[in-house]
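If you use mature numbering (1 follows the signal peptide of the UniProt record, and there is no 0), the sequence shown corresponds to residues -18 to -1, 1 to 143, in order. For glycine and all other residues, C-beta sits at the position ideal for the given N, C-alpha and C. Bear in mind that the values here come from a model prediction, so they are computed numbers and not experimental data.
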Amino acid sequence: MNYTLLLLTFLLPPAASVAPFRPLWLAPAASWEPGRLPAPDSLRWPYRPLRVNETMVLDAVLFQLRTAELLPESNPTLQLLAAELLSRPTLRIQLAGHTDRIGRSKENMKLSEQRAEAIRAYLIRAGVAAARLIMVSYGDARPLYPAPNERNRRVEVRVVE
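As structure tokens, this is what we get:
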């Protein structure tokens, strides 16, 4: 299935639209160009609505080693998540922070909490109500890939209602 075509079907305004259309989540305003979509692998968010009790790894949301600092390539996915949540105001989500296995477990637990908080803060700045965002942290206890691997530094989203 052609995801670009699918995206265009849902995102393009009607032909009679007067105001210029710039989807918030496609790219930062400074780099956005009309008619240009990001490369398919730059948006790893599934191109379908979030589902209750489903967990999704935000694998395009990455953090700097040993910090909760979001890397710039995280913005498109976070903007898409914010847009989805703003369009469905009754959804509540759980943000689960994870780390790789570099460092001490206690420090990793704190870091995973800070990473979930970084995503939460981003979503709140985008207009999502704080009461809709639940945080948990797992530290290095639930790796998805053999350690050490930067993809274990992640936040997962689970729709709780």
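According to DSSP, is residue i helix, strand or coil?
{"i": "Arg140", "result": "strand"}
{"i": "Leu77", "result": "strand"}
{"i": "Leu101", "result": "Note that residue 101 is Ile in the sequence shown, not Leu. Residue state, collapsed to three classes: helix."}
{"i": "Leu67", "result": "helix"}
{"i": "Ile84", "result": "coil"}
Excluding the 5 residues flanking residue i on each side, which residues of the same chain have their C-beta closer than 7 Å to its C-beta?
{"i": "Tyr127", "result": "Arg133 and Asn134"}
Write down the C-beta distance between residue i and residue j rounded to the nearest angstrom, noting that I regard them as a contact closer than 8 Å.
{"i": "Val137", "j": "Arg97", "result": "6 Å"}
{"i": "Ser87", "j": "Gly121", "result": "6 Å"}
Compute the minimum distance between the beta carbon of residue i and the heavy atoms of the ligand ZN, and state whether it is under 7 Å.
{"i": "Thr81", "result": "Here there are no bound small molecules, and the ligand ZN is not part of this structure."}
If you draw a straight line from the C-alpha of residue i to the C-alpha of residue j, how long is it?
{"i": "Asp82", "j": "Phe45", "result": "11 Å"}
{"i": "Leu52", "j": "Leu77", "result": "15 Å"}
{"i": "Ala65", "j": "Ala100", "result": "17 Å"}
{"i": "Val139", "j": "Glu89", "result": "22 Å"}
Output needed for residue i: all residues of its chain with C-beta closer than 8 Å, excluding positions within five of it in sequence on either side, in chain order.
{"i": "residue 149", "result": "Nothing can be reported for residue 149: it is not among the residues displayed for the chain, which extend from -18 to 143."}
Pick from the options: whose alpha carbon is nearest that of residue i?
{"i": "Asp41", "options": "Val34, Thr49, Arg33 and Pro58", "result": "Pro58"}
{"i": "Met91", "options": "Leu32, Arg124 and Asn131", "result": "Arg124"}
Leaving aside the five residues before and after residue i along the sequence, list all residues of the same chain whose C-beta is less than 6 Å from its C-beta, in chain order.
{"i": "Val34", "result": "Val141"}
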